[in-house]
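All residue numbers for the sequence shown refer to my numbering, where the first residue is 366 and numbers rise by one.
Think of the CB as a built atom: it goes at the ideal place given N, C-alpha and C, for glycine as much as any other residue.
Predicted model, so just to flag it, every value in this text is computed and none were measured.
To keep things clear, I will list the structure first and then write my remarks on it.
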Amino acid sequence: ETPAWEIETDDFSHVIEANIRGTFLPIKYVIPTMVAQRSGKIVNIGGTSGLRGYKYRAAYSSSKWGVRGLTRTVALDAGEYGINVNVVCPGIVHTPRMDKLCEEKARVRGWTFDQVYQEYVEDMALKRVTEPQDIADAVLFLASDDSRNMTGQEIAVDGGWDV
């Protein structure tokens, strides 16, 4: 968590490269096959950081906005070939990474792990942290025929955190 003006240029570039180029390259190489078969589903993984700005997250948030923009643009480019392109935007997910984040915030604030965790939960409309399976379910929906008339869309899977 660093103010934009304190981010090293190389660090900023690395995040942009990983998230935007890392999304672009699979699209670039799979689309020709999908165009030839005149159908396909692309489900990108973004994040709620791409739905609004976050203080001290300039590189990461910018990269997720970029994934969102790439998704929408490719949806327009590929739609005439029957290709759906959407993005799932997870919020905070119950993973070891979240545990590490809670531990670090607890240390800095002088709180307990449970106090920090509960603070996250209280910010969510559903009062539950997103589980990895919640994200998988959204991806499966977008990859299925049930989403046949959806393209260029973002689905936030965040327990109502970004409402």
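Cβ pair residue 409, residue 452 closer than 8 Å: yes
Span separating the alpha-carbon of residue 414 from that of residue 455: 9 Å
Residue range of the unbroken beta strand (DSSP E) whose run includes residue 519: 519 to 522
Three-state secondary structure (DSSP) of residue 411: coil
Delimiting residues of the beta strand (DSSP E) encompassing residue 473: Note, residue 473: premise wrong, no beta strand (DSSP E); alpha helix (DSSP H) at 461 to 474.
Cβ neighbours of residue 422 in the same chain (closer than 8 Å, five flanking residues each side left out): In chain order, 366, 414 place their CB closer than 8 Å to the CB of residue 422, counting only its own chain and leaving out the 5 sequence neighbours on each side.
For residue 406, three-class secondary structure by DSSP: strand
Inter-stretch contact (C-beta, 8 Å, three-pair minimum) for the stretch 502 to 519 and the stretch 430 to 438: Yes, since at least three Cβ pairs between the stretch 502 to 519 and the stretch 430 to 438 fall closer than 8 Å, the two stretches touch.
Three-state secondary structure assigned by DSSP to residue 513: coil
Residue 372 (DSSP reduced to helix, strand or coil): coil
Own chain residues within Cβ distance below 7 Å of residue 478, not counting five before or after: 467, 468, 471
Proximity below 8 Å, CB of residue 432 to CB of residue 447: no
Paired residues, beta bridge with residue 448 - DSSP: 405
Under the three-state DSSP convention, the category residue 417 falls into: Three-state result, residue 417: coil.
Contacting residues, own chain, Cβ-Cβ under 6 Å from residue 545 (five flanking each side not counted): Since the displayed the chain opens at 366 and closes at 528, residue 545 lies outside it and no answer follows.
Neighbourhood of residue 527 by C-beta distance below 7 Å, restricted to the same chain and skipping five residues each side: 413, 416, 417, 456, 521
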